[in-house]
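In the working numbering, the protein residues as written are 74 to 205.
Where a beta carbon is used, it is the ideal one built from N, C-alpha and C, also for glycine.
Beneath this line is the structure, given in structure tokens, with notes to follow.
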Amino acid sequence: MCLGPEKRNSIVFGEEGKDTEYPQLRESKWLSELAFAIDLFKHMKEIKTKLPGNDIFAHATYSPVKEFQCELKLFSRNLSLNITTHFPTLETMAAQFTLTEKYTNMITSLDKEITLHFGGFQKLYAEFDILS
74 MCLGPEKRNS
84 IVFGEEGKDT
94 EYPQLRESKW
104 LSELAFAIDL
114 FKHMKEIKTK
124 LPGNDIFAHA
134 TYSPVKEFQC
144 ELKLFSRNLS
154 LNITTHFPTL
164 ETMAAQFTLT
174 EKYTNMITSL
184 DKEITLHFGG
194 FQKLYAEFDI
204 LS
């Protein structure tokens, strides 16, 4: 889902009464957070499609996860420099983009959760080379 300026304007101004029914559609901070969430979930969906299904070897899962963690570090660094290349929906909110620290903290938290979940893989990394 892309929330470009045209779509955002049609949501906000499209139907009479929407601004009273959904006042957050007029709040730039809320819209920026929504745009960030849309982009982040898109990236998470991409990693999910790269992960193999059941009945596979662990090393086949480890590579896409490590790749995604590297991407998260890149996203965090870029956002801290106000570079939104990897967040196209957020990029449409450029004028309202003021929450970089919050976004980088969220990405860092996601990276930590992935590390906790897949932490055992790191210990077995040397053995994965033998299997590949």
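query	result
Buried or exposed by the 16-neighbour rule on C-beta atoms within 10 Å, applied to S105	buried
Nearest neighbour of A108, chosen from M166, P96, L183 [CA to CA]	M166
Within 9 Å, strictly: CB atoms of I206 and L124	Because the chain in this structure spans residues 74 to 205, residue 206 falls outside the shown range and cannot be described.
Coil, strand or helix - E100 by DSSP	coil
The stretch 93-104 contacting the stretch 151-162, beta-carbon criterion three pairs below 8 Å	no
Straight-line gap, K145 to P137 (C-alpha atoms, nearest Å)	Contrary to the premise, residue 145 reads as Leu rather than Lys in this sequence. Each residue's Cα considered, the two are about 12 Å apart.
Contacts around D17, its chain only, beta-carbon distance under 8 Å, and the 5 residues preceding and following it disregarded	As shown, the chain starts at 74 and ends at 205. That puts residue 17 outside it, with no answer to give.
Close beta carbons around T177, own chain, < 7 Å, minus the five adjacent residues each side	S149, L152, S153
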